[in-house]
Amino acid sequence: MSLALLYGLAGIVLVAMGLYAALVARHVLRRLLGLNVLGAGVFMMLVALASRAVDSAGRPDPVPHAMVLTGIVVAVSATALALALLRRMHRHDGSAQLPEDRAP
Amino acid sequence: MSGGAWLIAVAAVPLAAAVAALLAGRRGAAAAGLLGSLLGTVAVLGLAAAVLDGGVQEVLMGGWAAPLGIALRADGLATAMLLMTAIVGSGIALYAWRYFGAAHATGAHESPAPPHDVRAGRPETTTDRPDWLFWPVWLLAWGALNALYLSGDLFNLYVTLELLGLAAVALVALAGAGAAAAALRYLLLALLGSMLYILGVELLYAAYQTLDLQQLRARVQPSLSAGLAAALMTTGLLVKTAVFPLHFWLPPAHGAAPAPVSAALSALVVKAGFYLLARLWLDLFGALPWQAGPVLLGVLGCGAVLWGGVQALRQQRLKPMIAYSTVAQLGYLLIALPLAGQGAGGAAAGALTAAVLLAASHAAAKASMFLCAGSLLAAYGHDRIAALAGFGARLPLTATAFALAALSLVGLPPTGGFVGKYLLVEAAVRAGAWGTVAVVLAGSLLSAMFLFHALSRAFVEGGEPPPGGAVPRAPTAPQLVSLALALLAVGLALVGGPLAALLATGVAP
């Protein structure tokens, strides 16, 4: 098994785990962590993709790397915004779950 | 200026104005925002003139060619969406200037400021709400929308979509701490949607080694990975566009926000998802023999028209009703996609014109209607439909604007909504899609029922003034803006021909 394949398969596992947590978890922080794991899986698959398409001089494809860098920046800012909103909701409503998930 | 310079100005001016508004702080934000709106609109008009004059405009950022570089491209569809956003967005900005300005003039220190604390019925959020932040966040959303319409490659579309999502979530959160849950739900779904989208982009890149839409269009073949990519990207966009049955986040998010924010979100921001779906299924996968994709979208659109209409009918309050009407109106846009994708050239072009005309009419009418709701909230202190009796006599400007916007949303002549629906039904008849025709007509009937029910309150006898003794009234200048937007929705009835010519610019053979 090549390293790129290992990365790709690990990425698929991470995507599945993250998707499950994002859809099933009720605590917003868990959902957010699930989305971050999902993102990490996507980025790992991109990295694997880059090393698969190596040019004649042995350099990996730069475009997926650029995509991963941009994607990380986007994920960090979105996570920061979500955490700020979560704190605000927790202070206002006294719960870290969305209204439809709260126990009646 | 050349077309390329206009292209860059269209994307850069709103973003620069957003930074300027943030730096200007509480006092200068509105001035920076209005100046940015003006300059941004000028840039869009310049670009539109260049497109009408010289066809598709394109610029390669930093001189790097695809697949490495980022291409900005303006064809007919993109230009139409840019024009819609700039004109309706300027109206919203003018309303926000007077609306938030009035709230500041009366001040949080003196008597209870009319539009300030009645807005969402949450008195605890009145003093700490930083209204001026509307300006940087709205300008950011506008810049993201412009960049999205101009993007020529799939990854840039992802970045702009994410930028738009973050700005839209921040706009929802402006309503105060009570709206945090709605904003958070929106953000989590938007993140999930964009992750699915980027997964699809990744599969396409793995298969074809390019992100550029035009290169990809030439290379894409019917294959398992392309099909999976199409499914993932479409699912992600359906979540973000609030397409039935994934629409559940939209009414609370749009209904809770201050009036200009509701107008911007409901009229303009949701159109980005529709634009991307149209790009994917008419442009990128348009040459593939996958008619099942657009047809499925059309079926979802039919569901949205009926479900959104029924839910709107059940609402007791005005703003949630208008928000559910957005769910239904998005359905019409999706119904047009399968018609625009298949069939002989004439009918297909007619369906695309119908979709864009409906999108533009909805943008103007829905913005006007949410701004009317803002004026009514300011006047009455609530938006329960049953208790809005007599607003026709007390707020005649708002009642007129509401009536004109309702005519366009229902699709009665002589409005833009009527011409759009007429073209849509014509394309459906030509394609023999009688089920679609029935759904469009049933949706119009539902819209008429809930909108005219709300409008009927205008003509009811006003009855006793509230215990405080104050007669409901609202500032005049914002009402004039909502009237102007409603008149725009009516005037769009005249642009069908020029719009069809514009949309033909840059269509792939």
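Line by line, the protein sequences give chains F and H. If you read the first sequence in the working numbering, its first letter stands for residue 7, the second for the next number, and so on. If you read the second sequence in the working numbering, its first letter stands for residue 5, the second for the next number, and so on. We treat Cβ as the ideally placed atom computed from N, Cα and C, and that holds for glycine.
{"Asked": "Among the candidates H/M373, H/C306, H/A177 and H/S198, whose CA atom is the shortest distance from the CA of H/S270?", "Found": "H/M373"}
{"Asked": "From H/A391 to H/M453, what distance separates their C-alpha atoms?", "Found": "18 Å"}
{"Asked": "With C-beta atoms as the reference, is F/G40 less than 9 Å away from F/A31?", "Found": "yes"}
{"Asked": "Looking only at its chain, what residues have a beta carbon closer than 8 Å to the beta carbon of F/H33, apart from the 5 residues adjacent to it on each side?", "Found": "A102 and Q103"}
{"Asked": "Is it buried or exposed for H/Y190, if we count other Cβ within 10 angstroms and need 16 for buried?", "Found": "buried"}
{"Asked": "Mind listing the chain H neighbours of F/A84? Cutoff is C-beta to C-beta under 9 Å, in chain order.", "Found": "E166, G169, L170, V173, L191, A194, L195 and S198"}
{"Asked": "Going by C-alpha distance, which of H/G305, H/S365, H/L228 and H/G44 is nearest H/L343?", "Found": "H/G305"}
{"Asked": "Helix, strand or coil, according to DSSP, for F/H98 in the structure here?", "Found": "helix"}
{"Asked": "Please classify F/L104: does DSSP put it in a helix, a strand, or coil?", "Found": "coil"}
{"Asked": "Is it buried or exposed, H/W285, if we count other Cβ atoms within 10 angstroms and call 16 or more buried?", "Found": "buried"}
{"Asked": "F/A84 to H/S198, Cα distance in whole Å?", "Found": "11 Å"}
{"Asked": "Smallest Cα separation from H/V247: which of H/A431, H/L193 and H/R434?", "Found": "H/L193"}
{"Asked": "Under 9 Å, Cβ to Cβ, is there at least one residue of chain H near F/A88?", "Found": "yes"}
{"Asked": "Have a look at H/A235, H/R221, H/G302 and H/A316 and flag the residue whose alpha-carbon is nearest the alpha-carbon of H/P256.", "Found": "H/A316"}
{"Asked": "Exposed or buried, H/D57, counting other C-beta atoms within 10 Å across all chains shown (16 or more means buried)?", "Found": "exposed"}
{"Asked": "Which of helix, strand or coil does DSSP assign to H/E206?", "Found": "helix"}
{"Asked": "If you follow the beta strand (DSSP E) that H/A75 is part of, which residue opens it and which one closes it?", "Found": "A75 to A78"}
{"Asked": "Which residues in chain F sit within 7 Å of H/F138, going by Cβ to Cβ distance?", "Found": "Per Cβ cutoff of 7 Å: no residues; H/F138 is ~17 Å from chain F at best."}
{"Asked": "By the three-class DSSP mapping on this structure, what secondary structure does F/R32 have?", "Found": "coil"}
{"Asked": "Three-state secondary structure (DSSP) at H/V63?", "Found": "strand"}
{"Asked": "I need the straight-line Cα distance from H/G259 to H/L445, nearest angstrom please.", "Found": "26 Å"}
{"Asked": "Can you give the Cα-Cα distance for H/A34 and H/L98, rounded to whole angstroms?", "Found": "10 Å"}
{"Asked": "Which class does H/D287 belong to by DSSP, given the choice of helix, strand or coil?", "Found": "helix"}
{"Asked": "Give a single yes or no on whether H/L284 has its beta carbon closer than 8 Å to a heavy atom of the ligand ZN.", "Found": "The ligand ZN is not among the ligands present in this structure, which contains no ligands whatsoever."}
{"Asked": "Identify every residue that forms a DSSP beta bridge with H/R321.", "Found": "H/R388"}
{"Asked": "Beta-carbon of F/G77 versus every beta-carbon of chain H: anything under 9 Å?", "Found": "yes"}
{"Asked": "So within the stretch 445-504 of chain H, which uninterrupted alpha helix (DSSP H) runs reach at least 4 residues, ignoring any that extend past its ends?", "Found": "480-495"}
{"Asked": "I'd like to confirm the pairing. Which residues does DSSP put opposite H/S94 in its beta bridges?", "Found": "According to DSSP, H/S94 bridges with nothing at all."}
{"Asked": "For H/D216, which beta-bridge partners are listed by DSSP?", "Found": "H/D157"}
{"Asked": "If you reduce the DSSP assignment to three classes, tell me which class H/T509 lands in.", "Found": "coil"}
{"Asked": "What residues of chain F sit near H/L188, judged by a beta carbon separation below 8 Å?", "Found": "V34, A88, L91, L92, M95 and L104"}
{"Asked": "For the alpha helix (DSSP H) that H/F248 lies in, which residues bound it at each end?", "Found": "Segment: none, H/F248 is in no alpha helix (DSSP H) and carries neither H nor E."}
{"Asked": "In chain order, what residues of the same chain lie with their CB nearer than 6 Å to the CB of H/H113, ignoring the 5 residues before and after it?", "Found": "For H/H113, the predicted model reports a pLDDT of 34, less than 50, meaning its position is unreliable and no value from the coordinates is stated."}
{"Asked": "Less than 8 Å between the CB atoms is what I'm expecting for H/A393 and H/R461, so what's the real figure, rounded?", "Found": "6 Å"}
{"Asked": "Would you identify the three-state DSSP class for H/S6, choosing helix, strand or coil?", "Found": "coil"}
{"Asked": "On a Cα-Cα basis, can you pick out the residue from F/S57, F/E106, F/T76 and F/G64 that is closest to H/L167?", "Found": "F/T76"}
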